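Enquirer:
In our numbering, the protein residues as written are 19 to 266.
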C-alpha cells in the first residue's frame with residue numbers, strides 16, 4: 019500500500035505542479051487570447067474530441083506519419099547494409115545522407131513543396147527525417163558485429179538468409195529499436211510541421227493553422243496538447259512492442 023501511494027505521488031506531483039504554474043501564468047497575463055488557462059484548454063480539447071472531424075484529422079495525420087516512418091526505415095536499412103558491404107556505395111551515399119541529416123526540416127518542406135502534391139509532403143518529409151536516423155543506427159550496429167560469429171557462419175556454410183536471421187538480426191535488434199524510437203519522434207514532429215506549413219484538407223497541422231489564423235488560442239493549445247498526448251502514447255506503445263519483440 020505504501021509503495022502504491024509513493025508511485026501515485028511520484029507520477030501525480032509533476033503534472034499538478036506544472037498545471038499550477040500554467041494557471042498562475044494565465045492569471046498573471048489576464049488575457050485568454052494570449053494565454054488561456056488549463057481548464058479552458060482542457061474544455062476545448064474535450065469538445066474537439068467529441069467531433070468526427072477531430073478523429074478524422076488525427077487518423078489522417080497518423081497515416082501520413084507511419085507511411086513516412088515505413089519508407090524511411092526501409093530505405094535507411096537498405097542503405098545501411100549497402101554502405102556496409104560495398105565501399106563504393108559508402109563513398110557515394112554517406113555524404114548525401116549526412117547532408118539530409120544536417121539540413122533544417124523547414125528547408126526540405128519548402129523544397130518538397132515545389133515537387134510533390136500538398137497531401138504527400140508530410141509523409142515525404144517524415145521519411146526524409148527517419149532515413150538518416152535508421153541508417154546511422156544500423157550502420158553503427160553493423161560496424162560492431164562480432165567477426166567471429168560471421169566466421170562461424172562461413173565455417174558451417176550458413177546460407178545468406180540463415181546468417182541474416184541468426185547473426186545479423188539478433189545483433190542489430192537493439193540498435194534498430196533505439197533508432198526507431200528516435201525516428202518516430204522526428205517523424206511525428208516533422209510530419210505535423212509539414213502539415214502546418216503546407217496544410218492538407220484534413221490533418222492536425224491544418225487545424226493548428228486554422229486556429230492560428232482565427233486567433234482561437236484555446237484551440238491552438240488544445241491541438242498542441244493532443245499532439246503531445248498522442249506522441250507520448252504512441253511512443254510508449256512502440257517501445258513496449260519493441261521490448262516484447264526483443265524478449266521473444
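Ideal Cβ placement from N, Cα and C applies to all residues, glycine included. Bear in mind the structure is a predicted one, so any value in this text is a computation, not a measurement.
What is the residue span of the alpha helix (DSSP H) that residue 209 lies within?
Expert: From DSSP, the alpha helix (DSSP H) with residue 209 extends over 187–215.
Enquirer: Would the segment 202–222 count as touching the segment 66–77 if we require 3 or more Cβ pairs under 8 Å?
Expert: yes
Enquirer: Can you tell me where the alpha helix (DSSP H) holding residue 104 begins and where it ends?
Expert: Element bounds for residue 104: n/a, residue is neither H nor E.
Enquirer: I'd like the list of long-range same chain contacts for residue 85, defined as Cβ closer than 7 Å, with 5 residues on each side in sequence excluded.
Expert: 141
Enquirer: Which residue comes first and which comes last in the alpha helix (DSSP H) that contains residue 125?
Expert: 123–133
Enquirer: Give the single residue among 215, 235, 232 whose Cα lies nearest to the Cα of residue 132.
Expert: Taking each of 215, 235, 232 in turn and checking the Cα distance to residue 132, the smallest one comes out for 215.
Enquirer: Pull up the distance between the alpha-carbon of residue 119 and that of residue 229, whole angstroms please.
Expert: Cα-Cα distance, rounded: 31 Å.
Enquirer: What is the DSSP secondary structure of residue 235, counted as helix, strand or coil?
Expert: Three-state result, residue 235: helix.
Enquirer: Is the segment 243–261 touching the segment 110–119, taking contact as three or more C-beta pairs under 8 Å?
Expert: no
Enquirer: Roughly how many angstroms separate the alpha carbons of residue 272 and residue 169, rounded to a whole number?
Expert: Absent from the structure is residue 272, since the part of the chain shown begins at 19 and ends at 266.
Enquirer: If I follow the unbroken alpha helix (DSSP H) through residue 140, where does it start and stop?
Expert: 139–161
Enquirer: I'd like to know if the segment 44–60 and the segment 234–243 are in contact, where contact means that at least 3 CB-CB pairs between them fall below 8 Å.
Expert: yes
Enquirer: Which class does residue 176 belong to by DSSP, given the choice of helix, strand or coil?
Expert: coil
Enquirer: With distance defined between alpha-carbon atoms, name the residue in 262, 246, 261, 144 nearest to residue 208.
Expert: Distance from the Cα of residue 208 is smallest, within the candidate group 262, 246, 261, 144, for 144.
Enquirer: Smallest Cα separation from residue 234: which of 49, 45, 33?
Expert: 49
Enquirer: How should residue 224 be labelled, buried or exposed, when 16 other C-beta atoms within 10 angstroms of its C-beta is the threshold for buried?
Expert: With 16 or more Cβ atoms within 10 Å of its Cβ, residue 224 is classed as buried.
Enquirer: What residue range is occupied by the uninterrupted alpha helix (DSSP H) comprising residue 65?
Expert: 56–67
Enquirer: Going along the chain, which residues of its own chain have a beta-carbon closer than 7 Å to the beta-carbon of residue 41, five neighbours each way excluded?
Expert: Sequence-distant partners of residue 41 (beyond 5 residues in either direction) whose C-beta falls short of 7 Å from its own C-beta, in its chain, are 55, 56.
Enquirer: In this structure, how does DSSP classify residue 49 when only helix, strand and coil are distinguished?
Expert: coil
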